[in-house]
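To start, the structure itself, in structure tokens.
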Amino acid sequence: DIFDAYTSAERCYHNINHIFKMLNNFDDFIRCSGCKTVIKNINEFAFAIIMHDYVHGTTDDVNDSAQKAKEFLHKISLAYDTGYVENLIRATDYNKCLKTDFDGQLMQDLDLNTLGSDYAEYNEYSNQIRREYIQYPDSVFYKERVNVLKTFLNRRYIYNTKYYRDNYECAARNNIAKELSNIVSGKN
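Under my numbering, the first residue of the sequence shown is numbered 25, with each subsequent residue one higher.
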């Protein structure tokens with residue numbers, strides 16, 4: 025079920041590659057930052073990564089994904105803290121200003137990692153996002169895209185954790201500014 029959900033044809037960005045990248049970045053973060061002991065439960069955190077975009081295309085993807093994660097854990101009788109998993113998934117709802125602990129902040133940083141990648145990868149990401157939402161005409165899509173990008177730029181920091189700020193903040197701001205410039209100039 026999980027693999028099928030993430031490999032469906034309409035998923036151009038929020039797909040299995042996004043999940044693998046987040047899991048790899050989670051592993052890198054733990055090795056590089058020494059925060060293994062700070063994270064409440066590494067296995068539950070990894071499960072939340074796997075489930076955070078499970079539902080896609082509904083009016084409330086994040087909460088629907090959190091609910092599916094809870095149902096899945098109950099179905100297989102895995103003794104995970106469902107509240108913890110649900111909170112990590114809900115942390116990725118950027119339309120809500122949720123107060124979150126370190127684990128939730130890290131979940132957000134991992135989810136937004138691509139914003140701070142090299143520009144070629146970032147540009148491919150933005151193209152994938154456009155293809156994923158192809159059902160919307162350019163006028164609607166780019167208006168909303170500009171709003172989302174400006175929201176990130178208007179934050180004091182895009183990333184929550186020191187590790188992500190130190191390693192990705194500058195590139196993320198540059199990438200977002202460049203995409204905004206391309207949208208405004210009609211280069212998209």
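Ideal Cβ placement from N, Cα and C applies to all residues, glycine included.
The criterion of a C-beta distance shorter than 8 Å is not satisfied by leucine 173 and glutamate 193. Membership of glycine 128 in the alpha helix (DSSP H) is indicated by the continuous run 126 to 135.
Contact between the region 90 to 97 and the region 50 to 57 is absent, with fewer than three C-beta pairs closer than 8 Å.
In terms of Cβ geometry, histidine 80 and arginine 35 form a close pair [threshold 8 Å]. Nearest in C-alpha terms to isoleucine 113, of all of Tyr78, Ile100, Thr82 and Glu156, is Tyr78. Assigned with DSSP and collapsed to three states, leucine 102 falls in coil, not helix or strand. The three-state secondary structure of aspartate 88, taken from DSSP, is helix.
Between threonine 106 and glutamine 132, the gap from beta carbon to beta carbon reaches 8 Å or more.
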